[in-house]
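Enquirer: Take the sequence shown: its letter number 11 is residue 11 in UniProt numbering, and every next letter is one higher.
Encoded as structure tokens, here's the structure I'll be asking about.
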Amino acid sequence: MTNSHAKSILNAMNALRKSNTLCDITLRVEGTDFPAHRIVLAACSDYFCAMFTSE
């Protein structure tokens, strides 16, 4: 994967998040809601990965 392709993917995922498209979780921090994608959170964080994959 080239750097430009990776950047394009990240930009597309961020645009989806900003438009609340395909978001499947909302994080609330100090009263502010942040729509997000669980797959992105899990890929970037062992904590979220464990939270989303435990039964």
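The C-beta atom is built at its ideal place from N, Cα and C for all residues, glycine as well.
Note that the coordinates shown come from a computational prediction; the quantities given were computed from them, not determined experimentally.
Restricting to runs no shorter than 4 residues, where is the alpha helix (DSSP H) found entirely within the UniProt domain "BTB" (23-55)?
Expert: Runs of the alpha helix (DSSP H) inside the UniProt domain "BTB" (23-55): 38-44, 46-53.
Enquirer: Would you kindly check if the distance between the Cβ of Ala-42 and the Cβ of Cys-23 is under 8 Å?
Expert: Their beta carbons are not under 8 Å apart, which means Cys-23 does not touch Ala-42 by this criterion.
Enquirer: So Met-1 packs on Val-40, CB below 8 Å; how close in whole Å?
Expert: Going by Cβ atoms, the distance from Met-1 to Val-40 rounds to 16 Å, so no, they are not a contact pair.
Enquirer: Alpha carbons only, please: which of Met-51, Ser-54, Thr-53, Phe-34 is nearest the one belonging to Arg-17?
Expert: Comparing Cα-Cα distances from Arg-17 to each of Met-51, Ser-54, Thr-53, Phe-34, the minimum goes to Phe-34.
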